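One structure is given below, encoded as structure tokens.
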Ligand code: GLP
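Residue numbers (the working numbering): 1 to 261.
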């Protein structure tokens, strides 16, 4: 795992946007794993800017979502498919029909989950999977106690997550759906590059647990420790609980020129 400590949230967003832009430029048919939540928004804005300035095209890319609420109307502003279109994909030239998410309206949800895993495999797998981290260490919507080998499936949100996400639902946690479909931890691990972004003081504890704590289902993000190519980009605030922060800074400063993130 590589930890990049950026000076502030803007600098962290730039590091993440640069990695994604590189993949989009290099791969003939890049598959981007997109995350929702507030953490990736700065990186999306930078990628939109690059597109608008004519230096980056996503016309040959596809996008797959990590997760989705169950039970929201498809056009609900906080449905993740709506969110990602509004915040990112409708503002670049990535074809709308190539933005995929789990089908949470299917009568047979377990079958829809299996189909989603197959779809990702049929696309050739995810080139770079962007991830945020929840206050309880979740990634996607894999709550603590999720199997480290899990596949896309239905999950029940913890009260902590529903209360954290109430800010997107006019601060009423009772409006936050209880059920979601999320790529499993095993599914996420199949992406070729895992790229996490976390900024601000609220992420100190989950980042410390994920990066330097034990590999455990109680901190689902700790599964990044199993991945051969995982990058965690944090700002100084989110990095403040990392015991090896100086080492990460040193390693990044002296990174060989030929080595990409
Ligand atoms: C939600 C999403 C996660 C995201 C998390 C953190 O629960 N399902 O993918 O990482 O929120 O959100 P934020 O980035 O707003 O802190």
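Heads up, the beta-carbon is just placed ideally off N, CA and C, and yes, glycines get one too.
Source: prediction; values computed, not measured.
- Judged by DSSP secondary structure, residue 33 falls within the beta strand (DSSP E) whose first and last residues are 31 to 34.
- The ligand GLP has no heavy atom closer than 7 Å to the beta-carbon of residue 210.
- Under a 10 Å Cβ-count criterion, residue 49 is classified as exposed, with fewer than 16 other Cβ atoms of the shown protein chains found around its own Cβ.
- Going by DSSP, residue 120 is part of the alpha helix (DSSP H) stretching over 109 to 122.
- Here DSSP, grouped into helix, strand and coil, assigns residue 100 to strand.
- Selection around the ligand GLP by beta-carbon proximity, strictly under 6 Å to any non-hydrogen atom, yields 35, 36, 37, 38, 39, 66, 67, 132, 133, 134, 140, 141, 161, 165 in chain order.
- Annotated as proximal: residue 235 and residue 8, with beta-carbon spacing under 8 Å.
- Listed in chain order, the non-local C-beta contacts of residue 74 below 8 Å within the same chain comprise 81, 82, 105, local neighbours out to five positions each way being set aside.
- In terms of Cβ geometry, residue 101 and residue 206 do not form a close pair [threshold 8 Å].
- In this structure, residue 222 and residue 210 form a Cβ contact; the two beta carbons are roughly 5 Å apart against a cut-off of 8 Å.
- In the DSSP annotation of this structure, the continuous segment of the alpha helix (DSSP H) that includes residue 189 starts and ends at 185 to 189.
- Scanning 113, 32, 44, 177 for the CA closest to the CA of residue 86 turns up 44.
- Burial check for residue 254: the Cβ neighbour count within 10 Å stays below 16, so the residue is exposed.
- Residue 180 places its beta carbon less than 8 Å from that of residue 155.
- In terms of Cα proximity to residue 147, the closest of 219, 232, 78, 93 is 219.
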